[in-house]
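In our numbering, the protein residues as written are 20 to 286.
Next up, the structure:
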């Protein structure tokens, strides 16, 4: 985990914080110009980059292990030396580590605004963000899930976990952003994914949920009291391009960085 804190005195309520999964890759988004712009905000954020202990930008087996809420039969996402069987299911362990270890350690050194603590993730990490929302800990206040892998386990998150969350009735106040690429919603496959050796297995896996499942999830969650749900669609963007596009959107909508581009479709 890497942390970037503003070199200024904290606001009276503390710094807002943005917690980013796939932290090694997310870190490449923050150049000197962007960091300078963030530092000039009235309440500049503490940036938390979360990743496993490796130097890779993306490590699929590790992501499948740490970001998924239950094991599933997706062998193409296993590490080469992994035993036979299901893969994944480590999301709650990671969430516990963030809430019980990482967050207290950071607040020991930096004063945080507990009313502005955002969690962002893309793809499998977007699935983790939804798991964190459903877990109901109340420590994160803003959830941003980009192109979540709702196909995991044949769409398992759209079943019992969502039903239990909705049936819970009383939901703590939270703000939720769901981002999706227009090409994704249309069912178009990123041409670059066709170059992957596991292309066939990937295409089979993503049939586990409809291409527009994220849009319909946003509409269902929007009916729940206590939740402020926003859906934003990026025309023509495929899955991979949504990583940086959604991170830019989070900086705009949640952190408060002034926009430099056109608005896109929303609910």
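Glycine included, each C-beta is placed from N, C-alpha and C at the ideal position.
For residue 129, the three-state secondary structure derived from DSSP is coil. If you keep only unbroken alpha helix (DSSP H) runs of at least 4 residues inside the segment 91 to 117, you get 110 to 116. Linking residue 162 to residue 137 through their CA atoms gives a straight-line distance of about 6 angstroms.
Bridge pairing for residue 274: absent [DSSP]. Here the alpha carbon of residue 184 sits roughly 13 angstroms from the alpha carbon of residue 175.
Secondary-structure assignment with DSSP links residue 139 through a beta bridge to 39, 163. Secondary structure of residue 54 (DSSP, three-state): helix.
At the C-beta level, residue 104 and residue 89 stay beyond 8 angstroms of one another. Rounded to whole angstroms, the Cβ separation of residue 147 and residue 60 is 27 angstroms, and the two are not in contact under 8 angstroms. Measuring C-alpha to C-alpha distances from residue 251 to each of 204, 277, 117, 62 identifies 204 as the nearest. Judged by their CB atoms, residue 167 and residue 149 are nearer to each other than the 8 angstroms cut-off. Rounded to the nearest angstrom, the Cβ distance from residue 195 to residue 247 is 7 angstroms, consistent with a contact under 8 angstroms.
Taking all protein chains shown into account, residue 160 has 16 or more neighbouring C-beta atoms within 10 Å of its C-beta and is therefore buried. In this structure, 64 is the residue among 258, 44, 143, 64 with its C-alpha nearest to the C-alpha of residue 273. The beta-carbon separation of residue 77 and residue 44, rounded to 6 angstroms, stays under the 8 angstroms limit for a contact.
DSSP places residue 88 in the coil class of the three-state scheme, outside both helix and strand.
Annotation for residue 106: 83, 93, 96, 97 place their beta carbon closer than 6 angstroms to its own, counting only its chain and skipping 5 residues before and after.
Fully contained in the segment 54 to 78 are the following beta strand (DSSP E) runs of length 3 or more, in chain order: 65 to 68. The beta-bridge partner set that DSSP reports for residue 193 consists of 246.
Taking 8 angstroms as the cut-off, the Cβ atoms of residue 199 and residue 233 count as close.
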